[in-house]
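Colleague:
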Amino acid sequence: ASGTYSTQTDIDGVKRGILYRGGASPYMVVVDDIAMPEDVNANIQVLYQTDRANKVVLNNNADEIKIIGAQTGAVMKITCPFTENTIMRTGNYEGREITGGRGDYVVSDFSKTAEALTNVSGNARIVSLIMTAASDEEYPETVISGTADDGHITIKFKDGRTDYITITDDDI
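Counted from 1, the sequence shown has number 102 at position 102 by this note's numbering; the numbering is strictly sequential.
(1) Find the nearest neighbour of Asp10 within the set Ile165, Ser121 and Ala114, judged by alpha-carbon distance.
(2) With DSSP as the reference, label Ser2 as helix, strand or coil.
(3) Please check the pair Leu117 and Gln45, which I expect to be a contact at CB under 8 Å, by giving their CB distance rounded to whole angstroms.
(4) Among Ala35, Glu115, Asn41 and Ser25, whose alpha-carbon lies nearest the alpha-carbon of Asn123?
(5) Using 10 angstroms around the beta-carbon of Pro26, count the other beta-carbons present and answer buried if the total reaches 16, otherwise exposed.
(6) Residues bridged to Glu84 by DSSP?
(7) With a 10 Å radius around its C-beta and 16 neighbouring C-beta atoms as the bar for buried, classify Gly3 as buried or exposed.
(8) For the ligand ZN, I want to know if Ile130 counts as a neighbour, meaning its beta carbon is within less than 7 Å of at least one of the ligand's heavy atoms.
(9) Taking just the CA atoms, how far does Asp39 sit from Met28?
(10) Does Tyr48 pass the burial test, meaning 16 or more other C-beta atoms within 10 Å, or should it be called exposed?
Pasting the structure below:
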């Protein structure tokens, strides 16, 4: 509905936690905690940017974005596993001009942008799982359980190794 949400919402603070695992099958878990008053209802966007030569693909359920590298064909998969009301989308910043202290520019002149969009009231937590692979068939199996405040991500690799990630209110 037009005019339902203001274009800007004052927030009390933002905290980001990152877990990165390198090696042959790198991945990253990013936890964004956004503190807002309980009576505030807002759309929250988490932006993911990549080189404009890369291909950005949204799946049919709007819950997964893949970025395919222009040079190597490597694939990065982005999901928000604990946020049921989050939709992923692409192309929203195509041609959008940004005005800033360092000069004005059009976003799509420099990068392609994908985003996770969710609507929340009060405090919000958005967890992003970012996995990379040389091709689309090489992703490890992932099992998600719990919630963004008390959740578990299990990543099972083809070589038999398993990583267990626990997300709590305070830590990854």
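Backbone N, C-alpha and C fix where the C-beta goes; we use that ideal spot for every residue, glycine too.
Modeller: Taking the structure as given:
(1) Taking the sequence shown and counting its residues from 1, one reaches residue 10 at position 10. The shortest Cα separation from Asp10 among Ile165, Ser121 and Ala114 belongs to Ser121.
(2) In the sequence shown, residue 2 corresponds to position 2, counting from 1. No answer about Ser2 holds up, because its pLDDT of 41 lies below 50 and its placement is not dependable.
(3) Start at 1 with the first residue of the sequence shown, and residue 117 comes out as number 117. Start at 1 with the first residue of the sequence shown, and residue 45 comes out as number 45. That pair is a contact at about 5 Å.
(4) The residue given as residue 123 occupies position 123 in the sequence shown. Considering only alpha carbons, the answer is Ala35.
(5) Residue 26 sits at position 26 when you count from the first residue of the sequence shown. Pro26 should be labelled exposed.
(6) Numbered from its first residue, the sequence shown carries residue 84 at position 84. None, per the DSSP bridge assignment.
(7) Here residue 3 corresponds to residue number 3 of the sequence shown, with the count starting at 1. Here the model assigns Gly3 a pLDDT of 43, short of 50, so the residue's position is not dependable and the matter cannot be decided.
(8) Among the ligands in the structure shown, none appear at all, so the ligand ZN cannot be discussed.
(9) Taking the sequence shown and counting its residues from 1, one reaches residue 28 at position 28. Taking the sequence shown and counting its residues from 1, one reaches residue 39 at position 39. Answer to the nearest angstrom: the Cα atoms are 32 Å apart.
(10) Counting from 1 along the sequence shown, the entry for residue 48 is found at position 48. Flag for Tyr48 reads buried.
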